[in-house]
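There are 2 protein chains.
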Amino acid sequence: MARRKISNTLALAVLGLLREQPMHPYEMASTLRERHKDGSFKINSGSLYDTVEALVRHGWIEPVETAREGRRPERTVYATTELGQSEFVDWIDELLRTPVAEYPKFMAAVSYLGALGPDRAAEALAERAGHLVERIEETGAVLADTVGSGKVPRLFMIEVECALHAWEAELAWTRRTIDEIRDGSLFWPTFERTAEGWTWSAPADRKGTAG
Amino acid sequence: MARRKISNTLALAVLGLLREQPMHPYEMASTLRERHKDGSFKINSGSLYDTVEALVRHGWIEPVETAREGRRPERTVYATTELGQSEFVDWIDELLRTPVAEYPKFMAAVSYLGALGPDRAAEALAERAGHLVERIEETGAVLADTVGSGKVPRLFMIEVECALHAWEAELAWTRRTIDEIRDGSLFWPTFERTAEGWTWSAPADRKGTAG
DNA sequence: TGGCGTATAGTCGGAACCGACTAATAGGAG
DNA sequence: CTCCTATTAGTCGGTTCCGACTATACGCCA
Numbered sequence: 000m001a002r003r004k005i006s007n008t009l010a011l012a013v014l015g016l017l018r019e020q021p022m023h024p025y026e027m028a029s030t031l032r033e034r035h036k037d038g039s040f041k042i043n044s045g046s047l048y049d050t051v052e053a054l055v056r057h058g059w060i061e062p063v064e065t066a067r068e069g070r071r072p073e074r075t076v077y078a079t080t081e082l083g084q085s086e087f088v089d090w091i092d093e094l095l096r097t098p099v100a101e102y103p104k105f106m107a108a109v110s111y112l113g114a115l116g117p118d119r120a121a122e123a124l125a126e127r128a129g130h131l132v133e134r135i136e137e138t139g140a141v142l143a144d145t146v147g148s149g150k151v152p153r154l155f156m157i158e159v160e161c162a163l164h165a166w167e168a169e170l171a172w173t174r175r176t177i178d179e180i181r182d183g184s185l186f187w188p189t190f191e192r193t194a195e196g197w198t199w200s201a202p203a204d205r206k207g208t209a210g
Numbered sequence: 000m001a002r003r004k005i006s007n008t009l010a011l012a013v014l015g016l017l018r019e020q021p022m023h024p025y026e027m028a029s030t031l032r033e034r035h036k037d038g039s040f041k042i043n044s045g046s047l048y049d050t051v052e053a054l055v056r057h058g059w060i061e062p063v064e065t066a067r068e069g070r071r072p073e074r075t076v077y078a079t080t081e082l083g084q085s086e087f088v089d090w091i092d093e094l095l096r097t098p099v100a101e102y103p104k105f106m107a108a109v110s111y112l113g114a115l116g117p118d119r120a121a122e123a124l125a126e127r128a129g130h131l132v133e134r135i136e137e138t139g140a141v142l143a144d145t146v147g148s149g150k151v152p153r154l155f156m157i158e159v160e161c162a163l164h165a166w167e168a169e170l171a172w173t174r175r176t177i178d179e180i181r182d183g184s185l186f187w188p189t190f191e192r193t194a195e196g197w198t199w200s201a202p203a204d205r206k207g208t209a210g
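Structure, rendered in structure tokens:
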């Protein structure tokens, strides 16, 4: 399976917007922010203009007008091509069907949870849990104010619900892990170097060896 | 809060490994794979060597030996410095405490779920659910074979449990959403351009408009 | 014994990404 | 009316990242 020509999902957002109307890049960025899509797409001016150029190179979008108001910088307005629209749909389809490996920073840190020792680890996770609660509340408020009040159809913000669900799961895992650390059910081994390699202390008289 | 000097978490993995023993980069990569840490860290030879160089530049690790066997390419063996070790712990602490925005591809695709239409969307999500089930089963088998059989302390693979939990949550959301699409409880509006902007069809006689 | 596949170890050039910067205008405070 | 800030619009250069590539050595089967 050949890799996609463009992999930055910001390009997906651009194609999605241009389905509605021709637009210039700056307007794309502000529209995405207005619609709270900046939680799903990393909007960065530099990347955005690079992405738009790449889309033009592949013939998925094309410039339709370059206007100038006063002596402000020129604005180039883009529109999608038919190729762009069909690629848009195919791309979404593929992204939905096939899970790909992601490498969240949190997972990396959890990998070395042991390095903090049980007390500091539990404390750090507790702080994270607090931040997650805030984030979940804020997101809930946003949903209430948009979908909840009927301003926006639910389908148009379904990804926010999805993210919310993911954070709730992370919060649940975090809390459970804090409890397991505190009540000792997550055993905390200690390392030691021996002649044959590494040894760690084990609960219930079990001894393990590696290397 | 100043940004970290090194942001690639692969550097974290390197620091973690060198805590045990001096090593050369190739060995780091194979050790990480052996320990199933390649699900939490994106291991890429190019990035790895770049990362190691960056760590040396910052004084977090240092070369301790350059050996050569036969006419094979030279191997440079590295060890951590004390600075490196303290940065390692601080970095983990920070990553655990502070959630940062991540932009998974799935979230991007879900943002434009509407573009597929209800039938294709449900079908695509169903395929994903199948892949997730496989992945969850495989991961469960790995855990059973390592932690379950007492070969490895649970703490050393805790991030695998964390990832498993996240996939299970994603699977649950995916299944729920498929159901909601199929039974019509996730209403699927249609767009139309009017003089004043955009209009979408709404359930129960409600009409929405956007600028 | 010669040829093929795999493991070892690392290099390199280009693509992608980022965020600080420029520069003009509009809007409000005093 | 002038100064200050926010908004609009986009540019640019440096860093990071990636994966295809090189090159040697080893095992094994025919």
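Quick note, the sequences are listed as chains A and B, same order. Heads up: the first sequence runs through residues 0 to 210, numbered per numbering that gives the first Met the number 0. Heads up: the second sequence runs through residues 0 to 210, numbered per numbering that gives the first Met the number 0. For glycine and all other residues, C-beta sits at the position ideal for the given N, C-alpha and C.
DSSP, read as helix, strand or coil, puts B/E101 in coil.
Cβ contact annotation for A/T8 (same chain, cutoff 7 Å, sequence separation greater than five): F40, in chain order.
Restricting attention to B/I5, B/L124, B/L185, the CA atom closest to the CA of A/L94 is found in B/L124. Here B/A123 carries a helix assignment [DSSP, helix/strand/coil]. Within the stretch 23 to 98 of chain A, the beta strand (DSSP E) runs of at least 3 residues that lie entirely inside it are, in chain order, 60 to 66, 74 to 79. In the DSSP assignment, the residues bridged to A/R192 are A/W197. Distance from the CA of A/M22 to the CA of A/A78, rounded to the nearest whole angstrom, comes to 7 Å.
Residue-level contact by beta carbon fails for A/E136 and chain B, as no gap is shorter than 8 Å. Contact annotation: in the stretch 93 to 108 of chain B, residues whose CB is within less than 9 Å of a CB in chain A are E93, L94, L95, R96, T97, P98, V99, A100, E101, Y102, P103, K104, F105, M106, A107, A108. Burial check for B/G113: the Cβ neighbour count within 10 Å reaches 16 or more, so the residue is buried. Contact of B/Y111 with chain A by beta-carbon distance below 7 Å involves L11, G15, I91. A/E126 and B/P188 have their C-alpha atoms some 41 Å from each other. Take B/D92, set aside five residues on each side of it, and no residue of its chain has a beta-carbon closer than 8 Å to its own. Distance from the Cα of A/W172 is smallest, within the candidate group A/V109, A/S200, A/E160, A/W199, for A/V109. The beta carbon of A/L124 sits closer than 8 Å to some beta carbon of chain B.
The straight-line gap separating the alpha-carbon atoms of B/S200 and B/F190 is approximately 7 Å. Within 9 Å of the CB of B/W59, no CB atom of chain A is found; the nearest one sits about 15 Å away. With contacts defined by Cβ atoms closer than 8 Å, A/L163 and A/I180 do not form a contacting pair.
In summary, A/E52 is exposed, with fewer than 16 beta-carbon neighbours lying within 10 Å of its beta-carbon over all protein chains present. Between B/T75 and B/W59, the beta carbon gap of about 15 Å keeps them out of contact (Cβ cut-off 8 Å).
Cβ-Cβ separation between B/L31 and B/I42: approximately 6 Å, consistent with a contact (criterion under 8 Å).
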